[in-house]
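Asks: Residue numbers (this note's numbering), protein chains in the order written: chain A, 1 to 239; chain B, 1 to 167. Can you read through this structure? Questions will come right after.
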Amino acid sequence: MAEAIKIDNLDPEFKDEVLDKVPDANFDFCLTCGTCTGGCPASEQLDMDPRKLIRMLNLGMDEEVKKSDWKWVCSMCARCVLACPMKINIPALIFNLRASVPREKRPKGILGSCDQHIRTGSAMGAAKEDFEFTVLDVAEEIRDEQPEFSGLEVTVDRVGANMVLNQNSREPVTEPEEMGPLWKILHKVGADWTYPSVMWAGENYCMFLADLEGWKYIIEEFVHHIDNNLKSPYVVNTE
Amino acid sequence: MITIIELYAQWIREGKLKVNSDWNKDLGAKFTVQDPCNIGRKSGSNKIVDDLRFVIKTVVGEENFIDTVPNRDNNYCCGGGGGALQAGFPDQRRAYGKTKFNQIMATGATYVIAPCHNCHGQIEDIGHHYGADYHVVHLWTIIALAMDMLAETERTYLGPDLAEVGL
Chain A
1 MAEAIKIDNL DPEFKDEVLD KVPDANFDFC LTCGTCTGGC PASEQLDMDP RKLIRMLNLG
61 MDEEVKKSDW KWVCSMCARC VLACPMKINI PALIFNLRAS VPREKRPKGI LGSCDQHIRT
121 GSAMGAAKED FEFTVLDVAE EIRDEQPEFS GLEVTVDRVG ANMVLNQNSR EPVTEPEEMG
181 PLWKILHKVG ADWTYPSVMW AGENYCMFLA DLEGWKYIIE EFVHHIDNNL KSPYVVNTE
Chain B
1 MITIIELYAQ WIREGKLKVN SDWNKDLGAK FTVQDPCNIG RKSGSNKIVD DLRFVIKTVV
61 GEENFIDTVP NRDNNYCCGG GGGALQAGFP DQRRAYGKTK FNQIMATGAT YVIAPCHNCH
121 GQIEDIGHHY GADYHVVHLW TIIALAMDML AETERTYLGP DLAEVGL
């Protein structure tokens with residue numbers, strides 16, 4: 001039998017802590033209707049669901065809320081917010097729950113990808129030299145082997161290009177040929193584009209890790225490079 | 001900041017990207033799509049995912065596109081997002097992905113276009129895990145195939161029905 005919750009012993013500190021950071025999170029507005037839970041693919045995993053999480057938070061069951069690994073199963077897809085009649089920002093709660101775990105105790109896979117990105121410019125740990133070598137090499141192969149594309153141009157850090165493209169690091173690292181079709185499309189339309197060498201990868205695992213500083217560092221380095229060095233007006237997200 | 005999907009749509013509308021679905025008229029390969037949460041629901045509008053549908057219908061033929069239900073801003077996350085692919089909870093991730101898997105199976109499509117790398121990885125994984133034989137492809141692969149410029153080395157993700165098309 002389930003144990004009764006003794007409310008008198010609880011104090012919802014964590015809720016106030018999150019509300020300080022996310023003032024529009026509206027946890028107190030929860031009507032317990034369960035619309036969030038009905039449409040959430042993560043419901044029932046690890047004996048948790050969005051409605052239950054909000055109830056526990058509002059009751060002050062801080063310890064249990066923080067202890068649950070559900071924050072790593074939820075993908076922060078925001079379908080709950082779209083459905084919620086009171087627009088409660090559940091993903092913001094998840095982000096803050098992730099951030100409440102000491103950084104070194106967060107999932108190794110996500111942590112490793114975030115650290116690699118900060119260190120090398122991509123979650124898969126490919127440094128800018130490796131990235132540049134790979135894309136130029138694949139482009140040369142296409143020029144050599146596909147006569148229709150003998151004039152294919154692929155550049156890294158070309159100053160003044162109209163568009164700067166990011167690229168998920170899985171392509172250059174694990175399936176470099178997959179970049180070919182994209183480049184050929186760009187070639188056919190006569191796009192004026194380049195890749196950046198700094199923070200060139202499209203992913204950002206520091207965001208998933210809830211490492212605000214790391215997340216910000218990656219974005220700021222990228223923006224700084226585009227604005228000050230490449231001076232390109234557009235950034236194109238390729239996924 | 002703009003997505004490549006919006007640019008594909010713009011270039012098709014402007015006539016710069018000359019592409020059509022003639023290649024698939026007789027073949028009739030069926031496609032569905034995964035709406036990445038970040039460019040759908042989390043972008044605050046359906047503009048990008050509507051462009052995505054416009055591009056796909058142009059390159060595979062309207063009659064060969066079968067949408068998921070629900071879709072666009074109400075679409076289900078595949079379960080690979082938010083770092084889930086590397087979070088260390090594979091059983092829960094796959095249980096999460098069962099919703100997406102069922103949704104894809106209900107379309108009857110042979111190909112799932114996944115314009116996000118996390119979605120691509122997760123949808124392939126749940127396909128293998130739950131025993132489906134759909135193929136997960138990048139959007140650029142299908143555009144290049146329709147433009148008759150997809151090299152032999154760029155066909156990793158195509159199934160046997162399309163592996164030789166245009167070679």
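From the three backbone atoms N, C-alpha and C, an ideal C-beta is built for every residue, glycine too. Quick caveat: nothing in here was measured; it's all calculated off a predicted structure.
M105 of chain B CB to nearest chain A CB: under 8 Å?
Replies: By this cut-off, M105 of chain B is not an interface position.
Asks: Within the 8 Å Cβ cut-off, does N168 of chain A reach chain B?
Replies: Cβ-Cβ to chain B under 8 Å: yes for N168 of chain A.
Asks: Do G82 of chain B and Q122 of chain B have their C-beta atoms closer together than 8 Å?
Replies: In this structure, Q122 of chain B does not lie closer than 8 Å to G82 of chain B by Cβ.
Asks: Between P115 of chain B and the rest of its own chain, which residues show a CB-CB distance below 7 Å, the 5 nearest in sequence each way excluded?
Replies: Excluding residues within five positions, the ones whose Cβ falls inside 7 Å are I5, P36, L52 and L139.
Asks: Give me, in chain order, the residues of the same chain whose beta-carbon lies closer than 8 Å to that of V55 of chain B; leave out the 5 immediate sequence neighbours on both sides.
Replies: Answer for V55 of chain B: I5, Y8, A9, I12, L139 and I143, listed in chain order.
Asks: State yes or no: is the beta carbon of E3 of chain A nearer than 8 Å to at least one beta carbon in chain B?
Replies: Taking Cβ atoms only, chain B never reaches closer than 8 Å to E3 of chain A, which makes this a no.
Asks: How should N24 of chain B be labelled, buried or exposed, when 16 other C-beta atoms within 10 angstroms of its C-beta is the threshold for buried?
Replies: It is buried - the Cβ of N24 of chain B has at least 16 other Cβ atoms within 10 Å.
Asks: Between A280 of chain A and A210 of chain A, what straight-line distance do the alpha-carbon atoms span, to the nearest angstrom?
Replies: A query on residue 280 of chain A cannot be resolved here, the shown segment of chain A reaching from 1 to 239 and no further.
Asks: Compute the Euclidean distance between the alpha carbons of R119 of chain A and G125 of chain A, then round it to the nearest angstrom.
Replies: Cα to Cα, R119 of chain A sits roughly 8 Å from G125 of chain A.
Asks: Taking 8 Å as the CB-CB cut-off, is D24 of chain A touching chain B?
Replies: No, because no Cβ of chain B sits closer than 8 Å to the Cβ of D24 of chain A.
Asks: Anyone know if the C-beta pair for T32 of chain B and T68 of chain B falls short of 8 Å?
Replies: Cβ distance < 8 Å, so T32 of chain B and T68 of chain B count as in contact.
Asks: So T32 of chain B is in the beta strand (DSSP E); what residue range does that whole segment cover?
Replies: Its beta strand (DSSP E) spans residues F31 to V33.
Asks: What residue range does the beta strand (DSSP E) around Y234 of chain A cover?
Replies: Here the beta strand (DSSP E) through Y234 of chain A covers Y234 to N237.
Asks: For the putative contact between W193 of chain A and N166 of chain A, defined by C-beta atoms under 8 Å, what is the C-beta separation to the nearest angstrom?
Replies: In fact, because the Cβ distance is near 11 Å, the residues do not count as touching under 8 Å.
Asks: Ignore the nearest five residues each way along the sequence and tell me which others in V164 of chain A's own chain have a CB closer than 8 Å to its CB.
Replies: W193, T194, Y195, P196, I226, L230, S232, Y234, V235 and V236.
Asks: Residues of chain A with a CB under 8 Å from the CB of E154 of chain B: which are they?
Replies: Those within 8 Å of E154 of chain B in chain A are E177, E178, G180 and P181.
Asks: Under 8 Å between the Cβ atoms of A25 of chain A and I94 of chain A?
Replies: No, these two residues do not count as a Cβ contact at 8 Å.
Asks: Around the Cβ of N64 of chain B, are there at least 16 other Cβ atoms within 10 angstroms (buried) or fewer (exposed)?
Replies: So N64 of chain B counts as buried.
Asks: Can you tell me which of A:E104, A:E3, A:D137 and A:A83 puts its alpha carbon nearest to the alpha carbon of M179 of chain A?
Replies: For the residues A:E104, A:E3, A:D137 and A:A83, the minimum Cα distance to M179 of chain A belongs to A:D137.
Asks: For C78 of chain B, I'd like the list of residues in its chain whose CB is within less than 7 Å of its CB, leaving aside the five on either flank, ordered along the chain.
Replies: Q34, G97, K100, C119, Q122 and I123.
Asks: With a threshold of 8 Å, are at least 3 pairs of Cβ atoms found where one atom belongs to the region 153–163 of chain A and the other to the region 77–85 of chain A?
Replies: These segments do not touch.
Asks: Less than 8 Å between the C-beta atoms of C33 of chain A and P85 of chain A, yes or no?
Replies: For C33 of chain A and P85 of chain A, yes; Cβs fall inside 8 Å.
Asks: Which same chain residues, not among the five before or five after A84 of chain B, have their C-beta less than 6 Å away from its C-beta?
Replies: Closer than 6 Å at the Cβ level, and outside the excluded window around A84 of chain B, lie R93.
Asks: Tell me T3 of chain B's beta-bridge partners as DSSP assigns them.
Replies: Partner(s): A:N237.
Asks: Give me the chain A residues within the contact set of N74 of chain B, using Cβ-Cβ distance strictly less than 9 Å, ordered along the chain.
Replies: Going along chain A in sequence order, the residues near N74 of chain B (Cβ under 9 Å) are G39, R79, L82 and A83.
Asks: Can you round the beta-carbon distance between N58 of chain A and K15 of chain A to whole angstroms, since I take them to be within the 8 Å contact cut?
Replies: The Cβ separation is near 6 Å, so the contact holds.
Asks: Any idea which residues DSSP pairs T194 of chain A with across the strands?
Replies: In DSSP, T194 of chain A forms a bridge with A:V164.
Asks: Between A:L186, A:E148 and A:P172, which has its C-alpha nearest F133 of chain A's C-alpha?
Replies: Residue A:P172 is the option with its Cα nearest to F133 of chain A.
Asks: Consult DSSP for Y242 of chain A and reduce its assignment to one of helix, strand or coil.
Replies: The structure shown has nothing for residue 242 of chain A, since chain A only spans 1 to 239.
Asks: Pick out whichever of B:D22, B:A109 and B:I39 has its Cα sitting closest to the Cα of M1 of chain B.
Replies: Cα-wise, what sits closest to M1 of chain B is B:I39.
Asks: Could you name the residues that DSSP lists as bridge partners for H187 of chain A?
Replies: Answer is none; H187 of chain A lacks a bridge partner.
Asks: Between A:I142, A:A191 and A:A4, which lies nearest to A151 of chain B when the distance is taken from Cα to Cα?
Replies: If we check each option's Cα against that of A151 of chain B, A:I142 comes out closest.
Asks: Report the residue from A:D11, A:P107 and A:I218 whose alpha carbon sits nearest the alpha carbon of R70 of chain A.
Replies: Note that residue 70 of chain A is Trp in the sequence shown, not Arg. For W70 of chain A, the nearest C-alpha among the options comes from A:P107.
Asks: With which residues is I113 of chain B paired in a DSSP beta bridge?
Replies: Beta-bridge pairing links I113 of chain B to B:V33 and B:V137.
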